[in-house]
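See structure below.
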DNA sequence: TCCGATAAACTCGTGGCCCGAGCATAAAGG
DNA sequence: CCTTTATGCTCGGGCCACGAGTTTATCGGA
C-alpha cells in the first residue's frame, strides 16, 4: 500500500521462514480488531475458528505486549459476558499526514486505524521547504510525546509520487520534492502515497466499497484521479505513480495537456472543460470554477449545456475504465459525484453507451464516496498500519519492549 | 488467479487459523521448486533461511507425501553433494486447457508448473456443445489415467469470461457457455480465465516480465487484449471479465464497435484499422489480414502508411495505459510486437508523445513476450497450481493419501 | 592413494504455538 | 436458589521448526 518505504530499516534477510508463524494467530486477531473496532473476544474466536483456549492465550500475549486491551462488554444475553478488544493505550501508533493544495493535517492512529487529527495548518505560500519543515516540526512534536510508540509515518499528498517522495504536482506547484525530512528518526519507515489512491483504498476498506474485491475509485478535482483497489490494496504501480487515469487519451488529440501529452481525459471533465465549452479562458482554480458552474447551471442554459458535455465525457471515460477493469463497484469522490448528479441524463447515457453490450444488464453500482475529505487520511493511516501489522512489524515491536 | 473457481468444493469455513501454519515451511519449499525448477535442496534452504535440520525434515515429509522427489545433483565443487528437487512422479497434477479460435490443446502440469501437452485438436465448427464435449472427453481420459492425482482443471479461453464460464466471445462466436461440463468429477475445482490474462500472468512469472512487481501485458489479435499483473496475479476484476483494454475509448467516437460501444481502441490498431485506412472493407480475419499487410508494407507506401497509423494509435493508447498504471515493464504479445517493429518511428513517437512528461526520462521497458503461443497454457497451469499449493490444497492431498 | 578442507546431510533435544478436554465462572431465567 | 447458557481458564499433548553437534561425501594437494 502506498509507495514502498523510502527508508524502511529492512536490512535483514527476507525471512519467509516459519519462525514468523509465531505471529499468525496474533496478527489474525489484531486484523479482526482493526477491521471491526469493538469486536468481542468471543466474536473474534468464532470467526477465526479459534478455541477459547487459544483465544485466551493469544489475547494474554497481546496484552502483555501492549498491543491490545480488553474491557467488559455490555451484557447482551445469557452466558458469561465476554470482553471487547481495543488498541492498547500504550500500543503502537502511526502518524498519518494529508498534504493538500491549501493545507495539511496530521493525525495519529492506533491499531484500530482511526485517525485522530492532532495538528492542522494552512500554508500561505507553498514553498516546499517551508511546508515540509512545518510538517516535520509537527511530526517531531508527536514523536516526542509518544516516543517509540510511533512506528511509521505515512503521507498522503496531492501529487504524483514515487520512490518515497513527490515526483510532480500541478496543484502544489512542486517538482521532485523528497519527503524524507519529515522523519523525526531516520530509522522510521516513511510511506508516501497519492492522496486519491489512499482515499480509494480507504473507500474500499471502510467506505462505500467495503467488501468489494475489486473497486474503482474516481475523483475529479483538477483533472481526474483515482485508483483501482484489489483486495484492499491500491494498484499504485512500479514506482507508486499509478492512478493517473486523467491522462488516458480519451479526449480530442488536438488538445494539449500541461502534463506534456495530448488528448488527456483530464481536459474534458473538470472546470477547464466547462470554461472551454463556454468560450471562456482557462480558470485559475478549476475546482471553484466547476462548483460555481454547477450552481449557475440551474439558471443558465449555456452553462447547463457545458456541464452536460463534461458529464458526458466523464461518463464515457468511466465506461471505458469499467470495460477495462470490471470493478465490482465504482466510488465517486470530489467533484465527480456532484457532476453526475447535476447532469444525470448525459452522464447516464454516456456511461451506458460506453459499456460493452454484455456488461449493460448488470453494470457495477456507481456510488458516492462516503469518507469525503477524510479518505486520504484514513488511507494513509491504513498504509502505515499495514506495515505495523506484519510479522516483521510485530516482532520488532516485541523486541524493543522486551529487549 | 483466473476467475474464482466456478464450483470449487469450498464449503468449509474460511479457516484463517494457525493450524494451517503446519504447511508453511512445506509450501515455501514447493514454491521455490516451482519458481526455479532444478533448485537444490541446499539452495532452497539458504534462500528461505532454513537450517539444514529443517530442510531435512521438510523434504522428508514432502517425499513421504509424494509431493517431491530428490535426485543427486551434478557435483559442483567440494563438500557433500546436495540434491535437486523435482516434482514427485506420483504427485499432484493440474490439467490446463487452452481453447483458441481454431483449436484447443490440453496439457498436464506437475508441481513445477510446466505444462506438457497431452492432446490437441482443431474444431471444424465451433458449436459450443461439440467443442466442450471433445475437450471433456480428453479431460476424462487424463483423469482416468492419473486418477486422484488430478487436482484441478484450468481453462484458458479466447473469450470474455466470468462466473466460471464464457460470457461472450467474438472470435469463437460464443455467448454464455458454461464450462462446468469439462469436469470429470464435480468435486474438482474448475478455473476459467481469459487467455490473454493468463498469458500475461505467465509472462510476469516465467517470461519477459519475470520479477516485475507490476507488469502490463498487451496483445493484439482481433482487437487489443491484455492484463495488468500485480505480484504475479492478473487483475481480472470482479467477475473475471477484466483486461478488455481494447474497449477503452481512445479512438474516434464516430466509429461503432461490435461490442456495442463506440470509439474503442480495438478498432484503431488491428487488421480492421489497416483495411479502413486503405479504403478496403473490413476483413473477415483481421489477424491474417494484418500479417499480410505487414509483409506488403515493405513494398507498398500506402500500406506502409496505413500500418504506421495503426502503430501510432497503438503507441498512443499504450502510453495512456502506462500513465494510468505505471507498470515496471510492458510485454507485447501477438501482433503487437511485429506491428511496433514494422513501424517503429510512428510507434515510438506516439508512445513518447503520449507519456506524461515526468515519465519520459525513465519509461518502462517495452519488450516482446517470450512465451509466445504457450503463454496461456502456462498461465492456466499456474492458476491451477495456485490452488493446489495452498494450505487447504496440500492438507486435502495429504488427507486423501493417508486417510 | 591418502588426508585435510569443505559443504551439506542427519540426529536429537528444546521451545513456541495451538488444540482439545475438562473445569471454573458470570450472567439470565424460572 | 438452581439451572441454563455462554464464555474464560488450565493443562497435557502434538507438531513444526530451531540449534548444536555429528556424520558423510566430494575435492584438491601431497
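Protein chains in written order, with my numbering: chain E, 1 to 403; chain P, 1001 to 1403.
Where a beta carbon is used, it is the ideal one built from N, C-alpha and C, also for glycine.
Select from the options the residue whose C-alpha is nearest the C-alpha of residue i.
i              : options                        : result
residue 1363/P : 1318/P, 1095/P, 1396/P, 1372/P : 1318/P
residue 155/E  : 144/E, 189/E, 127/E            : 189/E
residue 206/E  : 270/E, 113/E, 168/E            : 113/E
residue 1377/P : 1048/P, 1035/P, 1120/P         : 1120/P
residue 1366/P : 1224/P, 1332/P, 1062/P         : 1332/P
residue 1221/P : 1130/P, 1172/P, 1178/P, 1263/P : 1172/P
residue 233/E  : 328/E, 218/E, 214/E            : 214/E
residue 354/E  : 1185/P, 1309/P, 1392/P, 1262/P : 1262/P
residue 260/E  : 1280/P, 1198/P, 1357/P, 1223/P : 1357/P
residue 1226/P : 1080/P, 1057/P, 1245/P         : 1245/P
residue 141/E  : 266/E, 126/E, 183/E, 284/E     : 183/E
residue 309/E  : 210/E, 271/E, 91/E, 143/E      : 271/E
residue 1135/P : 1150/P, 1372/P, 1103/P         : 1103/P
residue 199/E  : 300/E, 256/E, 372/E            : 372/E
Quick test of your reading: residue i and residue j, contact by CB under 8 Å. State the CB separation rounded to the nearest angstrom.
i              : j              : result
residue 152/E  : residue 99/E   : Going by Cβ atoms, the distance from residue 152/E to residue 99/E rounds to 16 Å, so no, they are not a contact pair.
residue 1395/P : residue 1346/P : That belief does not hold up - the Cβ atoms of residue 1395/P and residue 1346/P are roughly 55 Å apart, past 8 Å.
residue 315/E  : residue 250/E  : With a Cβ gap of about 11 Å, residue 315/E and residue 250/E do not count as contacting.
residue 342/E  : residue 297/E  : 6 Å
Which value, in whole angstroms, describes the spacing of the CA atoms of residue i and residue j?
i              : j              : result
residue 1108/P : residue 274/E  : 58 Å
residue 8/E    : residue 1375/P : Reliability fails at residue 8/E, whose pLDDT of 27 lies under 50, so the model's placement of it is uncertain and the value that follows must be treated cautiously. For residue 8/E and residue 1375/P, the distance between alpha carbons rounds to 36 Å.
residue 1122/P : residue 1384/P : 24 Å
residue 291/E  : residue 335/E  : 8 Å
residue 139/E  : residue 1065/P : 54 Å
residue 467/E  : residue 349/E  : In this structure chain E extends from 1 to 403, so residue 467/E is not present and cannot be described.
residue 401/E  : residue 1039/P : 40 Å
residue 1059/P : residue 1387/P : 21 Å
residue 1248/P : residue 360/E  : 15 Å
residue 62/E   : residue 51/E   : 16 Å
residue 1322/P : residue 1328/P : 9 Å
residue 1337/P : residue 1195/P : 18 Å
residue 1339/P : residue 243/E  : 28 Å
residue 78/E   : residue 72/E   : 15 Å
residue 1393/P : residue 1067/P : 12 Å
residue 1185/P : residue 231/E  : 31 Å
residue 1294/P : residue 96/E   : 54 Å
residue 1283/P : residue 1128/P : 24 Å
residue 37/E   : residue 197/E  : 24 Å
Please list, in chain order, all residues of the same chain as residue i whose beta carbon is under 6 Å from its beta carbon, the five residues on each side excluded.
i              : result
residue 228/E  : 216, 235, 325
residue 1105/P : 1098, 1117, 1120
residue 208/E  : 331, 367, 369, 370
residue 126/E  : 172, 173
residue 286/E  : 222, 270, 271, 272
Which residues in the same chain have their Cβ closer than 7 Å to the Cβ of residue i, if we skip the five residues on either side of it in sequence?
i              : result
residue 146/E  : 93
residue 1382/P : 1001, 1113, 1201, 1202, 1205
residue 351/E  : 315, 318, 319
residue 1089/P : 1069
residue 24/E   : none
residue 1398/P : 1065
residue 278/E  : 302, 303, 306
residue 101/E  : 158, 171, 172
residue 1047/P : 1032
residue 224/E  : 218, 245, 246, 265, 266, 269
residue 1255/P : 1262, 1263, 1267
residue 1344/P : none
Spatial neighbours of residue i within its chain, please: C-beta separation below 8 Å, excluding the five flanking residues on both sides.
i              : result
residue 1003/P : Bear in mind that a pLDDT of 34 at residue 1003/P, under 50, signals an unreliable position, so the model cannot answer this.
residue 389/E  : 27, 30, 31, 34, 111
residue 179/E  : 6, 132, 155, 157, 164, 165, 166, 190, 192
residue 82/E   : 40, 41, 42, 43, 73
residue 181/E  : 132, 133, 136
residue 1253/P : 1262, 1263
Within the segment 1086–1170 of chain P, ranges of the beta strand (DSSP E) (whole runs, at least 3 residues): 1093–1099, 1103–1109, 1115–1122, 1150–1157, 1160–1162, 1165–1169
Every unbroken alpha helix (DSSP H) within the segment 1018–1067 of chain P, with a cutoff of 4 residues, ordered by chain: 1024–1035, 1041–1048, 1052–1064
Whole runs of the beta strand (DSSP E) within the segment 321–382 of chain E, excluding any shorter than 3 residues: 329–334, 366–368
Ranges of the alpha helix (DSSP H) found wholly within the segment 169–240 of chain E, counting only runs of at least 4: 195–206
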